[in-house]
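> First, the structure itself, so that you have it in front of you.
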Amino acid sequence: MNEQHEHDATPGQAPESPDTDAALLAELETLRNELDQLRATTLLERADLENQRKRVARDIEQARKFANERLLGDLLPVFDSLDAGLAAAGSEPSPLRDGLELTFKQLLKVAGDNGLSLLDPAGEVFNPEHHQAISQADAPDAAPGTVVQVFQKGYVLNGRLLRPALVVVAKHD
Numbered sequence: 000m001n002e003q004h005e006h007d008a009t010p011g012q013a014p015e016s017p018d019t020d021a022a023l024l025a026e027l028e029t030l031r032n033e034l035d036q037l038r039a040t041t042l043l044e045r046a047d048l049e050n051q052r053k054r055v056a057r058d059i060e061q062a063r064k065f066a067n068e069r070l071l072g073d074l075l076p077v078f079d080s081l082d083a084g085l086a087a088a089g090s091e092p093s094p095l096r097d098g099l100e101l102t103f104k105q106l107l108k109v110a111g112d113n114g115l116s117l118l119d120p121a122g123e124v125f126n127p128e129h130h131q132a133i134s135q136a137d138a139p140d141a142a143p144g145t146v147v148q149v150f151q152k153g154y155v156l157n158g159r160l161l162r163p164a165l166v167v168v169a170k171h172d
């Protein structure tokens, strides 16, 4: 009878025992856990890479939007000089005034094409995020808190304040 049991076993394989089955199941469970951990790690690494890609794209976009910030900031005194020249030229048409006005408009267009916009808040409600109040004045024909005079225009570059407008605000009664 012993001979028959020896023939039941597959050649080259030891007969299985309950201990061997338990060890194989334990090893299988360990391998499954390692696989689950590797999948989780892979998902985290993919998420990190995607977040990093988005962050780099956002940084590049910010750098592109504000790459010319220094140049445009350096041009603000030129805008101020042209604006003062136009004010000094008066409202009478003249070749000099027309030339100044045309130059100012062209410069504003080029700056606008590069994301710069002018803040000229006369008659608007005072906005502390874009305006700097230098004084208050009695203004019977203006609502309290309204900008009644602009000493220096402000500028915004792609939604970011480059320079606040210097203003006089109507007093509250």
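Under numbering that gives the first Met the number 0, read the sequence shown as residues 0 to 172, first letter to last. Even for Gly, the Cβ is constructed at its ideal location relative to N, Cα and C.
1) To the nearest whole angstrom, what separates the beta carbons of residue 96 and residue 85, a pair I think is in contact under 8 Å?
2) Looking only at DSSP bridge pairs, what is residue 142 linked to?
3) What did DSSP end up calling residue 80 once you bin it into helix, strand or coil?
4) With a cut-off of 8 Å, do at least 3 Cβ pairs link the segment 75-92 to the segment 120-139?
5) In the DSSP output, what is residue 90 paired with across the bridge?
6) What is the DSSP secondary structure of residue 46, reduced to helix, strand or coil?
7) Could you tell me which residues DSSP pairs with residue 160 in its beta bridges?
8) How about residue 210 and residue 132: are their beta carbons less than 7 Å apart?
9) What does residue 169 pair with, by DSSP beta-bridge criteria?
10) My understanding is that residue 165 touches residue 151, with C-beta atoms under 8 Å, so please give their C-beta distance in whole angstroms.
11) Could you have a look at residue 103 and say whether DSSP puts it in helix, strand or coil?
12) Just reading off the beta strand (DSSP E) that residue 116 is part of, what are its end residues?
13) Look up residue 125 in the DSSP assignment and say whether it is helix, strand or coil.
Reading off the structure:
1) Translated into the one-based positions of the sequence shown, residue 96 becomes position 97. Translated into the one-based positions of the sequence shown, residue 85 becomes position 86. Yes, they are in contact, since the Cβ atoms of residue 96 and residue 85 sit about 7 Å apart, within 8 Å.
2) Here residue 142 refers to the residue found at position 143 of the sequence shown. In DSSP, residue 142 forms no bridge with anything.
3) Locating residue 80 in the sequence shown gives position 81, counting from the first residue. Assignment of residue 80 by DSSP, reduced to helix, strand and coil, places it in the helix class.
4) Taking one beta carbon from each stretch, the segment 75-92 and the segment 120-139 have fewer than 3 pairs nearer than 8 Å; the two do not touch.
5) For the purposes of this step, residue 90 is taken as residue 91 along the sequence shown, with counting starting at 1. Residue pairing of residue 90 in beta bridges, as defined by DSSP: absent, with no partner found.
6) The sequence position of residue 46 within the sequence shown is 47, counting from 1. The answer is helix: DSSP assigns residue 46 an H, G or I state.
7) As a working mapping, residue 160 is identified with position 161 in the sequence shown. BP columns for residue 160 point to 155.
8) The question about residue 210 has no answer here: the residues shown for the chain are numbered 0 through 172.
9) In the sequence shown, the residue the question calls residue 169 occupies position 170. Answer is 136.
10) Translated into positions along the sequence shown, residue 165 becomes position 166. Translated into positions along the sequence shown, residue 151 becomes position 152. That belief holds up - the Cβ atoms of residue 165 and residue 151 are roughly 4 Å apart, short of 8 Å.
11) Looking up residue 103 in the sequence shown gives position 104. Residue state, collapsed to three classes: helix.
12) Translated into the one-based positions of the sequence shown, residue 116 becomes position 117. DSSP places residue 116 inside the beta strand (DSSP E), whose first and last residues are 115-118.
13) Sequence index remark: in the sequence shown, residue 125 carries index 126 (1-based). DSSP places residue 125 in coil when its eight states are reduced to three.
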